[in-house]
Amino acid sequence: MQYRRLSGTELDVSVICFGGMTAGSYGTFGHQDDEASMQAVRAALEEGINFFDTAEGYGDGHSEDVLGRALQGRREQVVIGTKVSQRHLDRDQMARACNRSLRLLRTDYLDIYHVHWPNHDVPFADVVERLERLREAGKVRYWGVSNFGRQDLTDLLACGRPAVNQVPYSLLWRIIEHEVRPLCIENGVSIICYSPLAQGLLTGKFGRPDEVPPERARARYMAEAAERSFKVIGLLREVSDELGQPMADVALAWALAQPGIASVLTGVRSDEQVRQNARAADLTLPAAALERLTQGSEALRQELGTDPDMWNAGERSRYR
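Heads up: the sequence shown begins at 7 in the working numbering, then just goes up one per residue.
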């Protein structure tokens, strides 16, 4: 396992981050057995993964509870990040939300406390002040954000500097390269990318656009550019076959080789998936393969525009 230091912190995190969304039986992947989730956490620890991500919104705290149970006795060995929901950014709600997360995670401090989504009804200066109070109280070591676009991140940086920005990024969704990634790099904000396997499309499990389940076809790279996306998937398959490596490993290794990326957040449903994802941490792609994948996905990047919201565009976009 490889480790990277998050910018401006003392946290050395594994380049593969354990995504806890499915542990809350939350999102598009359906019910998840708690014991299977806990076995996956144990497998992650065995593979050297020390970075665990969750949110109060994943199953209304159920993901936090499962991770808290699974990580008991290992707290000093791991880096835990969770997220406060946008509805809890006002007044004393953030403090209550943080205390609940601490209780469910069975810890007295969080390594990273993220703002899950911006709330434009709450001034960023007030949000930063509340986060700093939690940090001064010893409940939070560092704070970060998730899903902050160029304008929101610019406005936030006028009030304080987050340690990380967690945003979607993959071969099929390179939109942060236009505006968000340059701003993060310029200001020393580490990027944690989620959906690096594009909800499983980059594992090769789907051969054609009509095989993709409706809940996964909502992503804009499918809704707006399915044929071009599958051309990129086909290229990934070719490169992976030539290298003798699984498609998922190559897709993750490509993301980890990109500027500004500190860690890739992978959702898992089993210990076997954890072990498969962990392999990518030690895979270094040849320069020619990296260039082929980057150039081969450039037309898709251009077609999808500059809005980093992976599900909504135009007036419905949640990014600013």
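Backbone N, C-alpha and C define an ideal beta-carbon position, used for all residues, glycine too.
Measuring straight from C-alpha to C-alpha, what distance separates R281 and D127? In the sequence shown, counting from the first residue as 1, residue 281 sits at position 275. In the sequence shown, counting from the first residue as 1, residue 127 sits at position 121. Rounded to the nearest angstrom, the two C-alpha atoms are 42 Å apart.
With a 10 Å radius around its C-beta and 16 neighbouring C-beta atoms as the bar for buried, classify K330 as buried or exposed. Not covered by the structure: residue 330. The range shown for the chain is 7 to 326.
I'd like to know whether the C-beta atoms of A295 and L249 end up nearer to each other than 8 Å. For the purposes of this step, residue 295 is identified with residue 289 of the sequence shown, where counting begins at 1. For the purposes of this step, residue 249 is identified with residue 243 of the sequence shown, where counting begins at 1. Taking 8 Å as the Cβ cut-off, A295 and L249 qualify as a contacting pair.
Beta-carbon proximity check, R326 vs D158, cutoff 8 Å: In the sequence shown, residue 326 corresponds to position 320, counting from 1. In the sequence shown, residue 158 corresponds to position 152, counting from 1. Going by C-beta atoms, R326 is nearer than 8 Å to D158.
Between the segment 167-183 and the segment 138-156, do at least 3 Cβ pairs fall closer than 8 Å? yes
Can you give me the Cβ contacts of G273 inside the same chain, cut-off strictly under 6 Å, excluding the 5 residues immediately before and after it? Working through the sequence shown from its first residue, we reach residue 273 at position 267. Excluding positions up to five away in sequence, the list reads G25, M27 and T28.
P188 lies in the alpha helix (DSSP H); which residues open and close that run? Against the sequence shown, residue 188 aligns to sequence position 182. Here the alpha helix (DSSP H) through P188 covers V186 to E192.
Pull up the distance between the alpha-carbon of D39 and that of S69, whole angstroms please. Walking along the sequence shown from the start, residue 39 turns up at place 33. Walking along the sequence shown from the start, residue 69 turns up at place 63. Each residue's alpha carbon lies about 11 Å from the other.
What is the DSSP secondary structure of A268, counted as helix, strand or coil? Along the sequence shown, one-based indexing puts residue 268 at 262. Of the three classes helix, strand and coil, the one that applies to A268 here is strand, per DSSP.
Could you tell me which of L299, R147, L189 and G144 sits nearest to A164, measuring between CA atoms? In the sequence shown, the residue the question calls residue 164 occupies position 158. Out of L299, R147, L189 and G144, L189 has the C-alpha closest to the C-alpha of A164.
Hey, I198 and R187: beta-carbon distance below 8 Å or not? Here residue 198 refers to the residue found at position 192 of the sequence shown. Here residue 187 refers to the residue found at position 181 of the sequence shown. Cβ distance not < 8 Å, so I198 and R187 don't count as in contact.
Could you give the DSSP three-state label for N171: helix, strand or coil? On the sequence shown, position 165 is the one that residue 171 refers to. Residue state, collapsed to three classes: strand.
Give me the residue from M7, M100 and I55 with the minimum Cα distance to Q83. For the purposes of this step, residue 83 is taken as residue 77 along the sequence shown, with counting starting at 1. Out of M7, M100 and I55, I55 has the C-alpha closest to the C-alpha of Q83.
So, H120 versus G87, is the Cβ gap smaller than 8 Å? Locating residue 120 in the sequence shown gives position 114, counting from the first residue. Locating residue 87 in the sequence shown gives position 81, counting from the first residue. Yes; because the gap between Cβ atoms is below 8 Å, this pair is in contact.
Can you tell me whether R80 is buried or exposed, with buried defined as 16 or more other CB within 10 angstroms of its CB? The sequence position of residue 80 within the sequence shown is 74, counting from 1. That one is exposed.
Count the C-beta pairs between the segment 306-323 and the segment 230-245 that are closer than 8 Å, then say yes if the count reaches three, no if not. Three or more Cβ pairs closer than 8 Å define a contact, and the segment 306-323 meets that threshold against the segment 230-245.
First and last residue of the beta strand (DSSP E) that includes K89? In the sequence shown, counting from the first residue as 1, residue 89 sits at position 83. Per DSSP, K89 belongs to the beta strand (DSSP E) from V85 to V90.
Taking the alpha-carbon positions, what's the G302 to G14 distance? Here residue 302 refers to the residue found at position 296 of the sequence shown. Here residue 14 refers to the residue found at position 8 of the sequence shown. Going by the C-alpha atoms only, they are around 34 Å apart.
Spell out the partners DSSP gives H120 in its beta bridges. For this step, residue 120 is matched to residue 114 along the sequence shown. DSSP lists K89 and G150 as the beta-bridge partner residues of H120.
CB of Q264 within 8 Å of CB of L289, strictly: Reading the sequence shown from its first residue, position 258 is the one you call residue 264. Reading the sequence shown from its first residue, position 283 is the one you call residue 289. Against a cut-off of 8 Å, the Cβ pair of L289 and Q264 comes out as no contact.
Cβ pair P202, A261 closer than 8 Å: Locating residue 202 in the sequence shown gives position 196, counting from the first residue. Locating residue 261 in the sequence shown gives position 255, counting from the first residue. Yes, these two residues count as a Cβ contact at 8 Å.
Quick one: using the 10 Å Cβ neighbour count with 16 as the cut-off for buried, is Q78 buried or exposed? By 1-based counting over the sequence shown, the position of residue 78 is 72. Burial call: exposed.
Give the straight-line distance between the Cα atoms of L17 and C23, rounded to the nearest whole angstrom. Reading the sequence shown from its first residue, position 11 is the one you call residue 17. Reading the sequence shown from its first residue, position 17 is the one you call residue 23. Approximately 13 Å, taken between the alpha carbons.
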